[in-house]
Every structure is written in C-alpha cells, then in structure tokens.
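One structure is given below, encoded as structure tokens.
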Amino acid sequence: MTDSRNPFEDLMKMGQDWAKAMGPMMEAFTPQSIEAMWPTMPKEVMETFWGKTLNPEGLDAKTKLLLTLQGLTILGAQAEAQIRLTVRHAREAGATDQEITETIALAGMFGGVPAMTKAMNLARDVMSGGTEGSA
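If you count the sequence shown from 1, position 79 lands on 91 in my numbering, and the numbers rise without skipping.
What follows is the structure, given as structure tokens:
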C-alpha cells in the first residue's frame, strides 16, 4: 500500500463537511462557543438542583462541583470546556481558589502530573478572569 493518507485527517474532513452541510453556523463551531452559551448558574439554583434541597443530609453543591473537578482532572483534563465551566460554577457555589487548587493538586496523585498541570492552567485562567470560553 502506497496510500500515505492519514485516516484521522479523512475522518475530521468528513465531519467538517457534514457540519457545513447542516448549516453555515456549524462551519465556525468551536467547543468554546458552546461554553460561552452556558452561563454560570446562581449559587441558589445550583444548591437547589445539585445540593441539599432535595437531599438535606447529602453533599452540598460546592462539594459536588469539587468532586466533579477532581474527576475531570483525573480523566486527563481532556474536557477543557467542562473544567472551566466547573471551576466557574464551583466559585459561584462558594469554593475558594485555594480549595479549587487543592482539589486539582490532589487529583494529580491519581491522574498524573500532566493532567494536573493542564487542569491547573485551565483553572488559573478562569480564576484570573481570563476570557477564553467565559460567558
């Protein structure tokens, strides 16, 4: 076989062509554009849906969001938009920058230093008021 085409590039091209056929708006689609469409929920709303409102003896929204952040980090910090979104929501739910940093650092023990470093950089961007993907 002398065909030196990269099958991944072919798959990406096929996906891009499909998206263009769906509509002109899809041509410029990026994960950050979806992230920007999802606003940060108010603390009270998060507590209602994710916190102790329906389960008074359960975990609060802040703790659940920190656990989510840890899981996303351990998975290899591949879900950049989800990490930034979770950091924004965790802060709104009352988590401090120190708690977020500590959560990511602990996840490094399970997910490795590269995953921890990637998640830490994403979180630092959000905590410093970075605009990438913010709503």
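Every residue, glycine too, gets a C-beta built ideally from N, C-alpha and C.
Being a predicted model, the structure only gives us computed values, none of them experimental.
Straight-line Cα distance separating D72 from I86 = Looking up residue 86 in the sequence shown gives position 74. Looking up residue 72 in the sequence shown gives position 60. About 21 Å.
Limits of the unbroken alpha helix (DSSP H) element including W62 | To locate residue 62, count along the sequence shown from 1; it is residue 50. Counting along the chain, the alpha helix (DSSP H) containing W62 begins and ends at 55 to 62.
Closest to G124 by CA distance: which of D137, Q90, Q94 is it?
-> As a position in the sequence shown, residue 124 is number 112, starting the count at 1. For the residues D137, Q90, Q94, the minimum Cα distance to G124 belongs to Q90.
So, using beta-carbon positions, are A117 and M132 closer together than 9 Å?
-> Taking the first residue of the sequence shown as 1, we reach residue 117 at position 105. Taking the first residue of the sequence shown as 1, we reach residue 132 at position 120. The Cβ-Cβ distance between A117 and M132 falls below 9 Å.
Rounded to a whole number of angstroms, what is the C-alpha to C-alpha distance between S146 and A102?
-> The sequence position of residue 146 within the sequence shown is 134, counting from 1. The sequence position of residue 102 within the sequence shown is 90, counting from 1. Residue placement at S146 is poorly supported in this model, since its pLDDT is 43, which falls under 50; the coordinates are not used for a value here.
Express the C-alpha separation of F61 and E114 in angstroms, rounding to a whole number.
-> Numbered from 1 along the sequence shown, position 102 holds the residue referred to as residue 114. Numbered from 1 along the sequence shown, position 49 holds the residue referred to as residue 61. Distance between the alpha carbons of E114 and F61 is about 25 Å.
Pairwise C-alpha distance: K64 and Q129 | By one-based count along the sequence shown, residue 129 stands at place 117. By one-based count along the sequence shown, residue 64 stands at place 52. The amino acid at residue 129 is misidentified as Gln; the sequence shows Thr. Cα-Cα distance, rounded: 32 Å.
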